[in-house]
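According to this note's numbering, the sequence shown is numbered sequentially starting from 1. For each residue, glycine too, the CB sits at the ideal point set by N, CA and C.
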Amino acid sequence: MTLTNKILLGMVAGMAVGSVLNLLLHASGSTDLINVVVNDYLIGGVFDVVGRIFVASLKLLVVPLVLVSLICGASSLGDNSRMGPIAGKTLFFYLGTTAVAVGSALLFATLIGPGIHVSAGADMAFEPSVAPPLQDVLVDIFPSNPIRAMADGKMLQVIVFALLVGYAVSHAGEPGRRIAAFFRDMEAVVMRMVGILMSLAPYGVFALLAKLFSELGIGAILDLAAYFFTVLGVLLFHAFVVYSTMLKTFTGLSPRILLTKMRSVWAFAFSTASSGATLPVTLRTVERRLGVHNSVAGFTVPLGATINMDGTAIMQGVATVFIAQVYGVDLSVTDFLTVILTATLASIGTAAVPGVGLITLALVLEQAGLPVEGIALIIGVDRLLDMVRTAVNVTGDATVAVIVGKSEKQFDEGVFLNPRADMNVDDDEDETTPGATAPA
Ligand code: ASP
Numbered sequence: 001m002t003l004t005n006k007i008l009l010g011m012v013a014g015m016a017v018g019s020v021l022n023l024l025l026h027a028s029g030s031t032d033l034i035n036v037v038v039n040d041y042l043i044g045g046v047f048d049v050v051g052r053i054f055v056a057s058l059k060l061l062v063v064p065l066v067l068v069s070l071i072c073g074a075s076s077l078g079d080n081s082r083m084g085p086i087a088g089k090t091l092f093f094y095l096g097t098t099a100v101a102v103g104s105a106l107l108f109a110t111l112i113g114p115g116i117h118v119s120a121g122a123d124m125a126f127e128p129s130v131a132p133p134l135q136d137v138l139v140d141i142f143p144s145n146p147i148r149a150m151a152d153g154k155m156l157q158v159i160v161f162a163l164l165v166g167y168a169v170s171h172a173g174e175p176g177r178r179i180a181a182f183f184r185d186m187e188a189v190v191m192r193m194v195g196i197l198m199s200l201a202p203y204g205v206f207a208l209l210a211k212l213f214s215e216l217g218i219g220a221i222l223d224l225a226a227y228f229f230t231v232l233g234v235l236l237f238h239a240f241v242v243y244s245t246m247l248k249t250f251t252g253l254s255p256r257i258l259l260t261k262m263r264s265v266w267a268f269a270f271s272t273a274s275s276g277a278t279l280p281v282t283l284r285t286v287e288r289r290l291g292v293h294n295s296v297a298g299f300t301v302p303l304g305a306t307i308n309m310d311g312t313a314i315m316q317g318v319a320t321v322f323i324a325q326v327y328g329v330d331l332s333v334t335d336f337l338t339v340i341l342t343a344t345l346a347s348i349g350t351a352a353v354p355g356v357g358l359i360t361l362a363l364v365l366e367q368a369g370l371p372v373e374g375i376a377l378i379i380g381v382d383r384l385l386d387m388v389r390t391a392v393n394v395t396g397d398a399t400v401a402v403i404v405g406k407s408e409k410q411f412d413e414g415v416f417l418n419p420r421a422d423m424n425v426d427d428d429e430d431e432t433t434p435g436a437t438a439p440a
């Protein structure tokens, strides 16, 4: 069985086992013994420990990988100064796709009207955490201390630092070339670590999902079915229709190949609900399975994991219309435009970890003059939607990386077309040029 299939199997098995345990715990005949065994030994024991170790190991790789990968990428570009155009195109596509995402969320939600028959409960209370002001978000991109930036996992700061180092390395003559060679070796080593972790992923994914589904109140979906399925529908539309059309239009490549190769990344995104924790796998897939050269992928993918959140923006668009409908507020055209703008900016400020989309939703609601307490209405189903929207977020990063890579000729079509490229992550011992070769 291929690794991708094993990961997908872990995912399905995790959801199934979790749901069965959930039923078992809530069944009328369930005894104390069953509760203790299931709660303490399985859910709170084995699953919890394995799941948390898995997520910690993924996070462990993020900073080293972004740092070395971006330094390599920027240093190989520095000479021909394509950094500006690559950054420009990447930002254009990231912001553009997010605006389209919120736009279609608003459109579908207005047409479907998920909140029309729902009324706001009197007992609703929600204390929103305060979203940081935009100025702080901008200033916060620039690190004053690179070590602190890495220790705190501030991705944008690490990106700025790595770009600077990479650029300097490419302009520092012979010493620069020596340092570049060192970072290329480091990149191969860190990528190998990602490979090792990926081969353990079926168990990690299983544990995370078994724990989550055993605790999840699926019943909440029934109450909020209209909202839940509207968000889900727009997410699927964006992932399968919008990205596919974009890929076909701008590159002529087959969207089916891209989507097929993203399956194992989706399993990571789905089980961790964090684009940040999924980043090592997204990057490896974009470079080695989709064929985008490290000089583009090393910049585009980490940046995307941090600022490009189309799935999150979709949830925010639908949630805004839903809450407006529940409270009987009519949204004007200006309100819609405000929501598109703030949700696009909020998606930049949303940290790539579980559940943050709900916090930045407060910002969007405030700008649209809607009651922030409305968030309490949708919390119940947010975790499940978070899993799906995170998968959409990472698909957006990969799609844009391929589009920019192809337009910059930093793309290996042979790897993209090869269905077996990097299929077996254990095969890459001899690989010396990441992203440029496909292990047979
Ligand atoms: N969990 C999402 C991500 O990491 C962010 C969010 O929507 O809460 O991409």
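Host alpha helix (DSSP H) of residue i (start-end)
i	result
Met315	310-326
Val17	3-26
Pro175	173-215
Pro146	146-151
Met155	155-170
Tyr243	243-251
Val100	83-112
Val139	134-139
heavy atom of the ligand ASP below 7 angstroms from residue i C-beta
i	result
Gly298	no
Thr350	yes
Val318	no
Asp310	no
Asn393	yes
Ser275	yes
Asp397	no
Val160	no
Arg389	yes
Val333	no
Pro302	no
Val242	no
Pro354	yes
Gly357	yes
Among the options, nearest to residue i - alpha-carbon criterion
i	options	result
Phe228	Met309, Lys211, Arg389	Arg389
Phe416	Ser75, His293, Met155, Ile196	His293
Ser373	Leu358, Asp386, Leu385	Sequence check: residue 373 is Glu here, not Ser. Of the candidates Leu358, Asp386, Leu385, the one whose C-alpha sits nearest the C-alpha of Glu373 is Leu358.
Phe250	Val189, Leu95, Val318, Lys406	Lys406
Phe54	Asp32, His26, Leu208, Ala168	Leu208
Leu67	Pro280, Met83, Leu232	Pro280
Thr98	Gly414, Val392, Lys409	Val392
Leu134	Ser347, Ala162, Gly45	Ser347
Leu212	Gly51, Arg263, Val265, Ala188	Gly51
Leu104	Gly414, Ile34, Thr320	A small correction: the amino acid at residue 104 is Ser; Leu does not occupy that position in the sequence shown. Answer by Cα proximity: Thr320.
Leu290	Asp422, Leu345, Val326, Ser75	Asp422
Asp382	Leu164, Asp223, Val190	Asp223
Phe411	Lys154, Phe237, Asp136, Ala297	Ala297
Pro114	Ile179, Ala181, Ser271, Met315	Met315
Leu111	Thr230, Thr344, Pro354, Asp152	Thr230
Beta-bridge partners of residue i, as assigned by DSSP
i	result
Phe411	Val292
Pairwise C-alpha distance: residue j and residue i
i	j	result
Val194	Ser170	26 angstroms
Ala436	Leu258	Caution is warranted here: a pLDDT of 42 is assigned to Ala436, below 50, making its placement in the model unreliable, and no coordinate value can be reported.
Glu366	Thr2	48 angstroms
Glu431	Gly317	Per-residue confidence for Glu431 stands at a pLDDT of 42, beneath the threshold of 50, marking its modelled position as unreliable; the derived number appears in the next sentence. So the two alpha carbons sit approximately 44 angstroms from each other.
Ala13	Asn5	12 angstroms
Thr338	Phe183	44 angstroms
Arg420	Thr399	19 angstroms
His117	Phe336	21 angstroms
Ala277	Leu303	14 angstroms
Leu377	Ala225	12 angstroms
Leu9	Gly44	22 angstroms
Val404	Phe206	34 angstroms
Ile159	Leu23	45 angstroms
Lys409	Phe108	37 angstroms
Ser76	Ala368	45 angstroms
Closer than 8 angstroms to chain B by CB, residue i
i	result
Arg148	Looking at the structure shown, chain B is missing, and only one protein chain is on hand.
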